[in-house]
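Right, one structure below, let's go through it.
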Amino acid sequence: MSQVRTNARKAAVQALYQWQMTGQSLVEIERQFVEDERLKNVQKSYFTELFHGVPKNLGAIDEALNEFVDRPVDMVDPVERAILRIGAYELLYRLDMPYRVILNEGINLAKYFGADGSHKYVNGILDKLAQKNRAVEIKAKTQVAK
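Here the sequence shown is numbered in numbering that gives the first Met the number 0, starting from 0 and rising by one per residue.
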């Protein structure tokens with residue numbers, strides 16, 4: 000995956016974290032990111048898709064995550080919650096993107112932003128979500144590997 004898309008995910012994690020913690024409007028947070036030049040070397044269209052797509056589909060995303068998290072989604076560490084919501088969004092709504100890429104990006108975001116070991120937690124949940132929602136894709140990859 001390209002670095003500008005990875006950077007879009009990093010910026011989206013930060014913006015979603017801010018939204019979760021402050022309740023500010025998406026438009027206001029996005030304006031701050033643009034003004035502070037935090038979207039340099041970022042695929043802006045993908046940042047916008049993630050940053051607006053997660054809140055827009057929050058009910059479905061949190062419902063999907065609730066099946067696999069060990070506590071209510073709202074009680075998950077806010078950094079991990081933002082990363083999980085982005086990963087869930089991509090698994091549910093970006094079927095053009097291979098699930099392995101989504102899992103790897105989630106793990107890397109957790110290593111970059113999260114507490115020690117949080118990447119294992121994020122990986123476990125996104126992997127279970129992928130097993131449920133991307134079963135056909137996973138089975139096809141397994142068949143090819145044999």
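Virtual Cβ for every residue (Gly too), placed ideally from N, Cα, C.
Considering only C-alpha positions, which residue in the set the options is nearest to residue i?
{"i": "R30", "options": "A14, G22 and Y45", "result": "A14"}
Looking at the unbroken alpha helix (DSSP H) that takes in residue i, where does it start and where does it end?
{"i": "S117", "result": "S117 to N132"}
{"i": "K61", "result": "For the record, residue 61 in the displayed sequence is Asp; it is not Lys. Here the alpha helix (DSSP H) through D61 covers L57 to N65."}
{"i": "V3", "result": "Q2 to T21"}
{"i": "A114", "result": "Premise fails: A114 is in no alpha helix (DSSP H) and is neither H nor E."}
{"i": "P77", "result": "P77 to Y92"}
Can you look up residue i in the DSSP assignment and give me helix, strand or coil?
{"i": "S44", "result": "helix"}
{"i": "R70", "result": "coil"}
Is residue i a contact residue of the ligand MG, with contact defined as CB to any heavy atom under 7 Å?
{"i": "K119", "result": "Looking for the ligand MG in the displayed structure turns up nothing, as the structure carries no ligands at all."}
Given this structure, state the Cα-to-Cα distance separating residue i from residue j, to the nearest angstrom.
{"i": "V121", "j": "K39", "result": "27 Å"}
{"i": "I146", "j": "V26", "result": "Limits of the chain in this structure are 0 at one end and 145 at the other, which puts residue 146 out of reach."}
{"i": "R99", "j": "K9", "result": "18 Å"}
{"i": "K55", "j": "E34", "result": "24 Å"}
{"i": "L49", "j": "D76", "result": "19 Å"}
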